[in-house]
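Okay, structure first, notes after.
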Amino acid sequence: MLWLAALPMLAGAWLPWVLLRPNRLAPGEYLRLPPAWVALAAVLALLPALTGQVRRGLVWLPATLALLVGVWLLGGRTAAALVGQADFARASAASGVWLYLLGAGVATYAAGLALPERRWVAWLWLPPALALLLGGHLAGWSVLVEGRSEGPRWAQELGQHLRLVGSALGLSVLIGVPLAVWAAGRARVADAVLGVANAVQTLPSLALLGLLIAPLSALANAVPALREAGISGIGVAPALTAMTLYALLPVLRNGVVALRGVPAGVIDAARGMGMTAPQRFWRVQVPLALPVWLGGVRQAAVLLVGVAAVAALIGAGGLGTYIFKGLQSAASDLILLGAVPAALLAVVVDGALRALEGWLGRRLGRAA
Amino acid sequence: MIQVEHLDKRYGDSFAVQDLNLTFPEGQLTALLGPSGCGKTTTLRMINRLIEPTGGRILLGGQDTRTLKPEALRRGIGYVIQQIGLFPHLSVAQNVATVPDLLGRDRRATAQRVDELLDLVGLDPAVYREKRPAELSGGQAQRVGVARALAADPPVLLMDEPFGALDPLARDRLQEAFRDIQRRLGKTVVMVTHDIDEALRLGDRVALMRGGRLEQFGTPDDLIHHPASDFVRDFLGEDATLRQLAGRPVSAFVRAGLPSPGAPRVQAGLNARSALSVMLREGHDTLEVLRGEELLGHVAWQDLRGKGPA
Numbered sequence: 064m065l066w067l068a069a070l071p072m073l074a075g076a077w078l079p080w081v082l083l084r085p086n087r088l089a090p091g092e093y094l095r096l097p098p099a100w101v102a103l104a105a106v107l108a109l110l111p112a113l114t115g116q117v118r119r120g121l122v123w124l125p126a127t128l129a130l131l132v133g134v135w136l137l138g139g140r141t142a143a144a145l146v147g148q149a150d151f152a153r154a155s156a157a158s159g160v161w162l163y164l165l166g167a168g169v170a171t172y173a174a175g176l177a178l179p180e181r182r183w184v185a186w187l188w189l190p191p192a193l194a195l196l197l198g199g200h201l202a203g204w205s206v207l208v209e210g211r212s213e214g215p216r217w218a219q220e221l222g223q224h225l226r227l228v229g230s231a232l233g234l235s236v237l238i239g240v241p242l243a244v245w246a247a248g249r250a251r252v253a254d255a256v257l258g259v260a261n262a263v264q265t266l267p268s269l270a271l272l273g274l275l276i277a278p279l280s281a282l283a284n285a286v287p288a289l290r291e292a293g294i295s296g297i298g299v300a301p302a303l304t305a306m307t308l309y310a311l312l313p314v315l316r317n318g319v320v321a322l323r324g325v326p327a328g329v330i331d332a333a334r335g336m337g338m339t340a341p342q343r344f345w346r347v348q349v350p351l352a353l354p355v356w357l358g359g360v361r362q363a364a365v366l367l368v369g370v371a372a373v374a375a376l377i378g379a380g381g382l383g384t385y386i387f388k389g390l391q392s393a394a395s396d397l398i399l400l401g402a403v404p405a406a407l408l409a410v411v412v413d414g415a416l417r418a419l420e421g422w423l424g425r426r427l428g429r430a431a
Numbered sequence: 005m006i007q008v009e010h011l012d013k014r015y016g017d018s019f020a021v022q023d024l025n026l027t028f029p030e031g032q033l034t035a036l037l038g039p040s041g042c043g044k045t046t047t048l049r050m051i052n053r054l055i056e057p058t059g060g061r062i063l064l065g066g067q068d069t070r071t072l073k074p075e076a077l078r079r080g081i082g083y084v085i086q087q088i089g090l091f092p093h094l095s096v097a098q099n100v101a102t103v104p105d106l107l108g109r110d111r112r113a114t115a116q117r118v119d120e121l122l123d124l125v126g127l128d129p130a131v132y133r134e135k136r137p138a139e140l141s142g143g144q145a146q147r148v149g150v151a152r153a154l155a156a157d158p159p160v161l162l163m164d165e166p167f168g169a170l171d172p173l174a175r176d177r178l179q180e181a182f183r184d185i186q187r188r189l190g191k192t193v194v195m196v197t198h199d200i201d202e203a204l205r206l207g208d209r210v211a212l213m214r215g216g217r218l219e220q221f222g223t224p225d226d227l228i229h230h231p232a233s234d235f236v237r238d239f240l241g242e243d244a245t246l247r248q249l250a251g252r253p254v255s256a257f258v259r260a261g262l263p264s265p266g267a268p269r270v271q272a273g274l275n276a277r278s279a280l281s282v283m284l285r286e287g288h289d290t291l292e293v294l295r296g297e298e299l300l301g302h303v304a305w306q307d308l309r310g311k312g313p314a
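Heads up: the sequence lines are chains C and D, in that order.
In terms of our numbering, the first sequence opens at residue 64 and continues consecutively.
In terms of our numbering, the second sequence opens at residue 5 and continues consecutively.
Given below as structure tokens:
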């Protein structure tokens, strides 16, 4: 895996690093790294794999270093390219950067896998990278130039994205948890409920959004009170409906599986010792089901971050707005302005909920 | 004392238990024995109302169990099952404290009680108190299960195949340990089992069931020497006597006085079946029984026939 990661990094060091264009849309010229930097990048590309031959436990050090140097060079080279250029000029990351960062990322991830007890070393790059970003070192990078000109609007769309995900997740938990509790005790009901939720999930998200436009606008036309409450065929209402339906399956499925996974002997013992039904539920079933159930909530959350990007198509806003705007005007910087934060958001949400799951699992004696 | 009167449990047209009349004597262990599907577990679960009878009634210490709320009834009855059913998310101590906590007993008194009980079932509290069920062997887990059932000091203990899931070695040890505990505490115990050895060794009384009805109720000796039907004789098997002997030390049969000269010597702790085997091997009708170097007396093969322990 480490040698496999070295390959794109070597290619990246040699390939063009920066695309300099006189303005956002015009064609431009590709700039490579200066020879000294190419040499350094190449050394850093090989270092994780070489370290891996000697001490697997230390791979994280060169891998993290390579990743950070990649980010740092991106900032430095884009800034250097813009010197003496007009205000409209844009310096984008070219194929070299992407390949290099991909390889370094794989190496860092592999370094984390090699240390199961200290997985977190795979995340050591994050604080310095954030410092580079917030300290303005990356200010020359075209995506951030776009971001600066969008400024408050971008923050607004990010907020909208988070609101969409949070609301849909909250709604699906509110609906899915009681439904799962109700269905878990009844085999036939559970099958039916899971079947319906499964069917919804097989619909492509775009199709589901489209399907909801007609009935919701009809509903809004028929009941004026709903229209005044902001419900219509396009906008937030259908997006939220579709996203909630989407997130329902993982919440439901894991809930049913988790609740049915509580050993029958444990329930029988609880009953036989005189626990009432609510006591059995809160003291036994919930704590034993929670780690697996939370896994479903995590899947739903990650899924929703992605689906929320599509929701921009029907006017619900969110980071997807930039992706579709960028696609329409063939401005890759704009696409990245939406896509990169969305991807990071998914990774962060996944990591945070996974950590919570692991902690709960250990506390509740499942992973012992 | 538990009295079962005209107890019925019907599912549709078929009876799981039919017109069962039985009195489980106070302070004794009654084994509910029988082939699978004979209604023994159903009977047990009707005592603490995990299953509601369709007819008849059950009196616990003279009180009809239907006059109590099921949860209140169950908190006053110890319950041990084959799957053990410890709560995996709680420590051993928290598991044992379950019923006292449900009853709202004082926390500090309960903590002390937990330690006593762990001691009683042969687990060092300092070592096991904070362990999780996943860290225990099957035998240790069921010891905790027994401690948990005894935590609120219930007069009655229901056990559903309590040692059925353990490996033979752990089962023997736990049966032995439980017999000691029962000798000390004198609970009214109802133990469901399909294991004839277990019923004959542990039971003061045996209730043999078949097809939802009671086939015979009596002491192990009664069942072996005076079977009420061919079914009882067949179920216990031709070697029932040997099974029973296997569960008792030879010292229980000792008679004072000197044996015939040249009798082989055995130790008092040897089980009676092995003692009989020694007689057969050595071709002698009597054995000299020693404890260490001290002569306890002698035992003849006639003594091994059906006499209960002193």
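Just so it is clear, CB atoms sit at the ideal spot from N, CA and C, and this is done for glycine as well.
Fill in: Inside the segment 48-93 of chain D only - alpha helix (DSSP H) runs reaching at least 4 residues
74-79
Worksheet item: Between D/Leu140 and chain C, is there a C-beta pair that is closer than 9 Å?
Response: no
Practice prompt. Kindly give me the distance between the Cβ atoms of C/Ala415 and C/Ala372, rounded to whole angstroms, as I take these residues to be in contact under 8 Å.
Written response: Incorrect: roughly 19 Å between the Cβ atoms, too far for contact.
Discussion item. Along the chain, where does the beta strand (DSSP E) containing D/Gly222 start, and where does it finish?
Written reply: Arg217 to Gly222
Discussion item. If I measure Cβ to Cβ from C/Leu201 and keep anything under 7 Å in the same chain, skipping five residues before and after, which residues do I get?
Written reply: Leu137, Gly138, Leu195 and Leu207
Item to complete: Give the DSSP bridge partners of D/Thr27, in chain order.
Response: D/Gln7
Practice prompt. Can you give me the Cβ contacts of C/Phe387 inside the same chain, cut-off strictly under 7 Å, excluding the 5 residues immediately before and after it?
Written response: Ala375 and Leu376
Item to complete: Using a cut-off of 8 Å between C-beta atoms, extract the partners of C/Asp331 located in chain D.
Response: Leu54, Ile85, Gln87 and Gly89
Worksheet item: At a CB-CB cut-off below 8 Å, which residues of chain D make contact with C/Thr339?
Response: Glu75
Worksheet item: Could you check where the beta strand (DSSP E) with C/Ala177 kicks off and where it finishes?
Response: Per DSSP, C/Ala177 belongs to no beta strand (DSSP E); it is in the alpha helix (DSSP H), Ser158 to Ala177.
Discussion item. Taking 9 Å as the threshold (beta carbon to beta carbon), is D/Val103 in contact with chain C?
Written reply: yes
Fill in: Simplified DSSP assignment, three categories, for C/Leu207
helix
Discussion item. If distances are taken between C-alpha atoms only, which option among C/Val325, C/Ile330 and C/Gly115 comes closest to D/Tyr83?
Written reply: C/Ile330
Worksheet item: Which chain D residues sit within Cβ distance under 7 Å of C/Arg334?
Response: Leu54
Practice prompt. Please go through the same chain and pick out, in chain order, the residues whose beta-carbon is closer than 6 Å to the beta-carbon of C/Arg119, but skip the five residues on each side of it.
Written response: Ala177
Discussion item. Would D/Gly241 pass as an interface residue toward chain C - the criterion being a Cβ-Cβ separation below 9 Å?
Written reply: no
Worksheet item: Does the beta carbon of D/His198 sit closer than 9 Å to a beta carbon anywhere in chain C?
Response: no
Item to complete: Decide if C/Phe151 is buried, meaning its Cβ has at least 16 other Cβ atoms within 10 Å, or exposed.
Response: exposed
Practice prompt. Check the DSSP bridge columns for D/Phe19 and list the partner residues they point to.
Written response: D/Arg14
Worksheet item: Is there at least one Cβ from chain D nearer than 9 Å to C/Met358's Cβ?
Response: Here the sequence assigns Gly to residue 358 of chain C, which means Met is not the residue at that position. For C/Gly358, the answer is no, since every Cβ of chain D falls outside 9 Å of its Cβ.
Worksheet item: Quick one: what's D/Thr192 bridged to in DSSP?
Response: D/Val160
Discussion item. Taking CB distances under 9 Å as the criterion, tell me whether C/Val347 reaches chain D.
Written reply: yes
Worksheet item: Would you say the segment 74-94 of chain D touches the segment 27-43 of chain D, given that touching needs at least three Cβ pairs under 8 Å?
Response: no
Practice prompt. Return the chain-ordered list of same chain residues with a C-beta closer than 8 Å to the C-beta of D/Gly60, the five sequence neighbours on each side being excluded.
Written response: Val8, Glu9, His10, Leu11, Asp12, Asp23 and Leu24
Discussion item. Let me check understanding here. Comparing Cα to Cα, which of C/Gly91, C/Pro98 and C/Leu65 lies closest to C/Pro111?
Written reply: C/Leu65
Discussion item. I need the straight-line Cα distance from C/Ala430 to D/Val131, nearest angstrom please.
Written reply: Confidence is the limiting factor: at C/Ala430 the pLDDT is only 38, short of 50, which leaves the residue's position unreliable, though a coordinate-based value still follows. Answer to the nearest angstrom: the Cα atoms are 21 Å apart.
Worksheet item: Looking at chain D, which residues of the segment 298-332 of chain C have a Cβ within less than 9 Å of any of its Cβ atoms?
Response: Pro326, Ala327, Gly328, Val329, Ile330, Asp331 and Ala332
Worksheet entry | Residues bridged to D/Leu299 (per DSSP) | D/Leu294
Worksheet item: Between C/Gly239 and C/Gln148, what straight-line distance do the alpha-carbon atoms span, to the nearest angstrom?
Response: 56 Å
Worksheet item: Hey, how far is the Cα of C/Pro191 from the Cα of C/Trp183?
Response: 15 Å
Discussion item. Using C-beta distances below 8 Å, list every residue in its chain close to C/Ser27, excluding the 5 sequence neighbours before and after it, in chain order.
Written reply: Since the first residue of chain C shown is 64 and the last is 431, residue 27 of chain C is not available in this structure.
Worksheet item: Between D/Leu90 and the rest of its own chain, which residues show a CB-CB distance below 7 Å, the 5 nearest in sequence each way excluded?
Response: Asn99, Pro137, Ala145, Val148 and Gly149
Practice prompt. Starting from the C-beta of D/Glu120, find all residues in its chain whose C-beta is less than 6 Å away, skip the five residues before and the five after it, and write them out in chain order.
Written response: none
Practice prompt. Have a look at the DSSP bridge pairing and note the partners of D/Gln271.
Written response: D/Leu294
Fill in: Exposure of C/Thr339, with buried meaning 16 or more beta-carbon neighbours within 10 Å
exposed
Discussion item. Taking the beta carbon of C/Ala154 as the centre, do at least 16 other beta carbons fall within 10 Å, making it buried, or is it exposed?
Written reply: buried
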